Every structure is written in C-alpha cells, then in structure tokens.
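Peer 1: The following block contains the structure, expressed as structure tokens.
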Amino acid sequence: MKKFLFIFVSVCGLWMAHASAQAQTFEATGAVQDINLAQSKIRIDDRTYLLPNSVTESLLVNAGPVIYQLQIGTVIAFSGTESGSIAKIESVAILLQPSPEEVQELLRERANEQN
Numbered sequence: 011m012k013k014f015l016f017i018f019v020s021v022c023g024l025w026m027a028h029a030s031a032q033a034q035t036f037e038a039t040g041a042v043q044d045i046n047l048a049q050s051k052i053r054i055d056d057r058t059y060l061l062p063n064s065v066t067e068s069l070l071v072n073a074g075p076v077i078y079q080l081q082i083g084t085v086i087a088f089s090g091t092e093s094g095s096i097a098k099i100e101s102v103a104i105l106l107q108p109s110p111e112e113v114q115e116l117l118r119e120r121a122n123e124q125n
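Under my numbering, the residue at position 87 of the sequence shown is numbered 97, and the numbers go up by one with no gaps.
What follows is the structure, encoded as structure tokens:
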C-alpha cells in the first residue's frame, strides 16, 4: 500500500509539474507603436513582444515574414505564448494598415513626446 501511495503521489507531482511548465497562451489586438527589426521585437500598448521572422500573416501566408509588413499604426490581432520574460507572438492577422499621412502624423507625435 505504501508503495502504491508513493507511486501515485509521484505521478501526480510529475503531472502537476508538467502542467505548470507549459506556457500560458494569450490573444490580443492593438496598434503597433514601435518595431525593432534587428531584435525581432514590436511594441503594442506599451508592451514589448517577440515576433520571430518565421511568423507570417495569417491571411497572406506567402507574403513573407509579417514583421516586414508592419509599420507604426498598423492594427493587428495576435496570439502567442508567455513562457519567459517576453511574450512570443506566434500568429498575426493584419486588421488595418495606416495611410502614409497617418504614419507621418504618428511619427511626429512620437517625436514630440520624446522632446
């Protein structure tokens, strides 16, 4: 009986450790505030996310890495995992691309905020 109890408790402990080690998933939408191509990072709603080059736009899979299609002001829906210090985006759908005039206005606003 003690051996059975020991095995049962051990299996339950391993199962719980496995469940807690799995990454949390998330879904969100927002406008891109900043893009760092060198580090494959973007900022949305004052939070930084990792966006690997392997991620393509959900509706245009053959269009290449989605990070190259983004610009400041692009509205996206995205999902991914939070497994470390920075959340990793694994799926993106572009909902709205800003006009060139809107991008220039956003860049001017950002420059004014930094001054």
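Don't be surprised by glycine CBs; every beta carbon is placed ideally from N, CA and C. Because the structure is a prediction, the values reported are computed rather than measured.
1) For Glu112, tell me which candidate among Ile52, Arg53, Ser50 and Val85 has the shortest Cα-Cα distance.
2) May I have the straight-line CA-CA distance separating Tyr59 from Leu106, to the nearest angstrom?
3) Residues bridged to Leu106 by DSSP?
4) Give the straight-line distance between the Cα atoms of Glu115 and Ser109, rounded to the nearest whole angstrom.
5) Which value, in whole angstroms, describes the spacing of the CA atoms of Ala38 and Asp55?
6) Could you work out which residue in Thr35, Phe36, Asn125 and Arg118 is closest to Gly83 when comparing CA atoms only?
7) Once DSSP output is grouped into helix, strand and coil, what is the label at Phe14?
8) Measuring alpha carbon to alpha carbon, tell me which of Ile52, Tyr78, Ser89 and Asn72 ends up nearest Val42.
9) Please go through the same chain and pick out, in chain order, the residues whose beta-carbon is closer than 7 Å to the beta-carbon of Ala73, but skip the five residues on each side of it.
10) Leaving out five residues on either side along the sequence, give the residues of the same chain with a beta carbon under 8 Å from the beta carbon of Ser64.
11) Return the first residue and the last residue of the beta strand (DSSP E) that Val76 is part of.
Peer 2: Per the coordinate set shown:
1) Taking the sequence shown and counting its residues from 1, one reaches residue 112 at position 102. Glu112 has its Cα closest to that of Val85, out of Ile52, Arg53, Ser50 and Val85.
2) For the purposes of this step, residue 59 is taken as residue 49 along the sequence shown, with counting starting at 1. For the purposes of this step, residue 106 is taken as residue 96 along the sequence shown, with counting starting at 1. Cα to Cα, Tyr59 sits roughly 19 Å from Leu106.
3) Position 96 of the sequence shown holds residue 106. DSSP lists Val85 as partners of Leu106.
4) On the sequence shown, residue 115 is found 105 positions in, with the first residue counted as 1. On the sequence shown, residue 109 is found 99 positions in, with the first residue counted as 1. Rounded to the nearest angstrom, the two C-alpha atoms are 10 Å apart.
5) Numbered from 1 along the sequence shown, position 28 holds the residue referred to as residue 38. Numbered from 1 along the sequence shown, position 45 holds the residue referred to as residue 55. Computed Cα separation, rounded: 10 Å.
6) As a first step, residue 83 is located in the sequence shown; it is residue number 73 there, counting from the start. Of the listed residues, the one whose Cα sits closest to Gly83 is Arg118.
7) Along the sequence shown, read from residue 1 onward, the residue named residue 14 stands at position 4. Caution is warranted here: a pLDDT of 45 is assigned to Phe14, below 50, making its placement in the model unreliable, and the coordinate value is therefore given only provisionally. Correct three-state label for Phe14: helix.
8) Locating residue 42 in the sequence shown gives position 32, where the first residue counts as 1. If we check each option's Cα against that of Val42, Ile52 comes out closest.
9) If you number the sequence shown from 1, residue 73 lands on position 63. Within the same chain, Ala73 has close Cβ partners Thr66, Glu67 and Gln79.
10) For the purposes of this step, residue 64 is taken as the residue at position 54 of the sequence shown. Excluding sequence neighbours, Ser64 sits near Pro75.
11) Taking the first residue of the sequence shown as 1, we reach residue 76 at position 66. From DSSP, Val76 is part of no beta strand (DSSP E); its letter is neither H nor E.
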